[in-house]
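A short write-up of the structure that comes next.
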Amino acid sequence: MKDEKTQFWVGTYHGRHDGTQVTVTATRDDTRPEPYAWACTCGASQSFPTQYGLDRSAWRHTHPTRWDQLRQWVAKLLRIRTR
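Position in the sequence shown (first residue = 1) + 157 = the numbering used here.
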């Protein structure tokens, strides 16, 4: 019996966040309840029931807005102060 490939590549996004170079890979797997998903080299991932929102979410993860960058900076400051 031949192995069937169930996970298909949808797209790859390159960018940086938190000062680190990252790559997000978006895939589709029809055997999952939410077939569309992306996974980042930083460990973050997210899944979606439809393709809508997948590209925008993956792009925003690799290219954070100024507001996202400010939020990350404040969170980093708070982590340092609580140590």
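For glycine and all other residues, C-beta sits at the position ideal for the given N, C-alpha and C.
Rounded to whole angstroms, the gap between the alpha carbons of Val167 and Ala232 is 32 angstroms. With 16 or more neighbouring CB atoms inside 10 Å of its own CB, Trp195 falls in the buried class. Counting every other CB atom within 10 Å of its CB across the protein chains shown gives Ala201 a total below 16, marking it as exposed. Comparing alpha carbon positions, the residue from Asp175, His220, Ser214 and Thr180 closest to Thr169 is Thr180. Cα atoms of Thr182 and His171: separation of roughly 9 angstroms, rounded to the nearest angstrom. Counting the other Cβ atoms within 10 Å of the Cβ of Tyr193 gives 16 or more, which makes it buried. One thing to note: Ser214 has its Cβ within 8 angstroms of the Cβ of Gln203.
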